[in-house]
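**Student:**
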Amino acid sequence: MKRTPFTFFASLFAALLLPALFLISGCEAEQPRTDAEMIDGDGIHIEGTWARPASEGRMSAAYFLITNFEEEPDTLLSVESDVARLVEIHESFEREEGMMGMREIPQLQIPAQSTVRLEQGGLHIMLIQVTRTLADGDTFELTLNFAGHGEKTIEIPVRL
Amino acid sequence: MNRSIFLTILTLSFLLTALTGCGPERLDDYSDVRFELTDQNGESVIFPDDFRGAPLVVGFIYTHCPDICSFITANVGKVYEELDNPGDTRFALVTFDPERDTPEVLKKYADAFDMDREPFSFLTGDPETIQAFMERVSLRSQESFSRDLDDGERVYFLNHSDKILLIDQNSRLVFDYGGSMTPINIILEDLKKL
Chain A
1 MKRTPFTFFA
11 SLFAALLLPA
21 LFLISGCEAE
31 QPRTDAEMID
41 GDGIHIEGTW
51 ARPASEGRMS
61 AAYFLITNFE
71 EEPDTLLSVE
81 SDVARLVEIH
91 ESFEREEGMM
101 GMREIPQLQI
111 PAQSTVRLEQ
121 GGLHIMLIQV
131 TRTLADGDTF
141 ELTLNFAGHG
151 EKTIEIPVRL
Chain B
1001 MNRSIFLTIL
1011 TLSFLLTALT
1021 GCGPERLDDY
1031 SDVRFELTDQ
1041 NGESVIFPDD
1051 FRGAPLVVGF
1061 IYTHCPDICS
1071 FITANVGKVY
1081 EELDNPGDTR
1091 FALVTFDPER
1101 DTPEVLKKYA
1111 DAFDMDREPF
1121 SFLTGDPETI
1131 QAFMERVSLR
1141 SQESFSRDLD
1151 DGERVYFLNH
1161 SDKILLIDQN
1171 SRLVFDYGGS
1181 MTPINIILED
1191 LKKL
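Protein chains in written order, with this note's numbering: chain A, 1 to 160; chain B, 1001 to 1194.
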């Protein structure tokens, strides 16, 4: 085939850009929401903790940021607390136009040098049937079990 | 008739017509429906008749929902807190899970959000009425998954529409918002137009 400027650029496009586009779209579908921007530190760092109020026997959700300063990924395996009968990692998502669903995330990967956000309308720690009323201003403890960094117990303030 | 008076009346008529035309279009009219509901205090509430005459901000929730519905509830509360002049504007949260969300349950839920007070109403009803109400406002819900607790109790969760409605003084639907996603200031601006 005769090489013209058009065929040259078409080949370049196919060779470089199309695989890149597939790679980008594939990454967006599978990776947790993370922040690339990092501050100095080491290990696993938790910040911005809070949870919604809930009456006894009902549900609440806890939110925070998990930053992994290490060069290896880590995994949040489970979460425990005596404030609820069941504690699970969940994610809210839009199933279709205006219809919201929720699904369990069995294990949450925390990529190296990244922050994963647990926030309203997305990833959250689901507290099923809280054992006492959680009112604005209360606090409770959550224990996070990481594959690499072991147990980390954090304090969660309740606020509106 | 004096010519200046005639011209004044004519001008006012034009202005009134123009102002009416500038208001937001109505998406639906609920003035022809009647749903008998119960609030968190066990009092009977007729929708929309008992809200007629004042704007109404209404969200749809179920109390076993930890994330999206708490967001909707807090948003309705924030609209009230941030309104410069709430006047007689009313605020309601209606459950689409009436089997579990009794008035007593709704009262505790409202209290946890510091909303068990005027001008907030947390509403439930018999399942048939709630189903008809939800169909009328195009609120969809369906069971998604469940968990069995250690004592054998089964707890189920729902997929559902994410919705806050703004209804005007004449029971007409003015705006239909994504309940947890809509910035509060948009609802505040829309309320000012009523």
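Note that CB positions come from ideal geometry on N, CA and C, so glycine has one too.
How about Gly-121/A: is its Cβ closer than 7 Å to a heavy atom in the ligand SAM?
**Tutor:** Ligands in the displayed structure: none, and consequently the ligand SAM is not present.
**Student:** Residues in the same chain with beta-carbon distance under 8 Å from Ile-128/A, minus the five sequence neighbours each way, listed in chain order, please.
**Tutor:** Cβ neighbours of Ile-128/A beyond the five flanking positions: Met-59, Ala-84, Arg-85, Leu-86, Val-87 and Glu-88.
**Student:** Run through DSSP, which three-state label would Tyr-1109/B get?
**Tutor:** Reduced to three states, the DSSP call for Tyr-1109/B is helix.
**Student:** Measuring only the C-alpha atoms, how far is Glu-155/A from Val-130/A?
**Tutor:** Taking the straight line from one Cα to the other gives about 16 Å.
**Student:** Work out the CA separation of Thr-139/A and Glu-80/A for me, nearest whole Å.
**Tutor:** Computed Cα separation, rounded: 15 Å.
**Student:** Phe-1133/B and Thr-1073/B look like a contact to me (Cβ under 8 Å); what is the Cβ gap, rounded to whole Å?
**Tutor:** With 8 Å as the limit, Phe-1133/B and Thr-1073/B do not qualify as a contact, their Cβ atoms being about 18 Å apart.
**Student:** Which first and last residues belong to the alpha helix (DSSP H) in which Asn-1185/B is found?
**Tutor:** Segment 1184-1192, the alpha helix (DSSP H) holding Asn-1185/B.
**Student:** For Ala-61/A, which residues in chain B fall below 8 Å Cβ to Cβ?
**Tutor:** The contacting residues are Pro-1066, Asp-1067 and Ser-1070.
**Student:** I'd like to know whether the C-beta of Lys-1193/B is nearer than 8 Å to at least one C-beta of chain A.
**Tutor:** Chain A contact via Cβ: absent.
**Student:** Looking at the strands, I want to know which residues DSSP matches up with His-45/A.
**Tutor:** Its beta-bridge partners are Thr-67/A.
**Student:** With a floor of 3 residues, list each beta strand (DSSP E) that falls wholly inside the region 1044-1097 of chain B, ordered by position along the chain.
**Tutor:** Whole beta strand (DSSP E) segments, 3+ residues: 1044-1047, 1056-1061 and 1090-1095.
**Student:** Which stretch, first to last residue, makes up the alpha helix (DSSP H) that contains Glu-1128/B?
**Tutor:** Where Glu-1128/B is concerned, the enclosing alpha helix (DSSP H) stretches over 1127-1136.
**Student:** Work out the CA separation of Ser-1171/B and Leu-1149/B for me, nearest whole Å.
**Tutor:** So the two alpha carbons sit approximately 43 Å from each other.
**Student:** Does Arg-117/A get closer than 8 Å to chain B when you measure Cβ to Cβ?
**Tutor:** Cβ-Cβ to chain B under 8 Å: no for Arg-117/A.
**Student:** Closer than 9 Å by beta-carbon distance: list the chain A residues that pair up with Val-1058/B, in chain order.
**Tutor:** In chain order: nothing, as chain A lies at least about 16 Å away.
**Student:** For Thr-133/A, I'd like the list of residues in its chain whose CB is within less than 6 Å of its CB, leaving aside the five on either flank, ordered along the chain.
**Tutor:** Only Ser-55 and Glu-56 meet the Cβ criterion.
**Student:** Just confirm the distance between the C-beta atoms of Ser-1161/B and Phe-1060/B, as a whole number of angstroms; I'd bet it's less than 8 Å.
**Tutor:** Yes, Ser-1161/B and Phe-1060/B are in contact; Cβ-Cβ is about 7 Å, under 8 Å.
**Student:** Using 10 angstroms around the beta-carbon of Pro-1183/B, count the other beta-carbons present and answer buried if the total reaches 16, otherwise exposed.
**Tutor:** Result: exposed.
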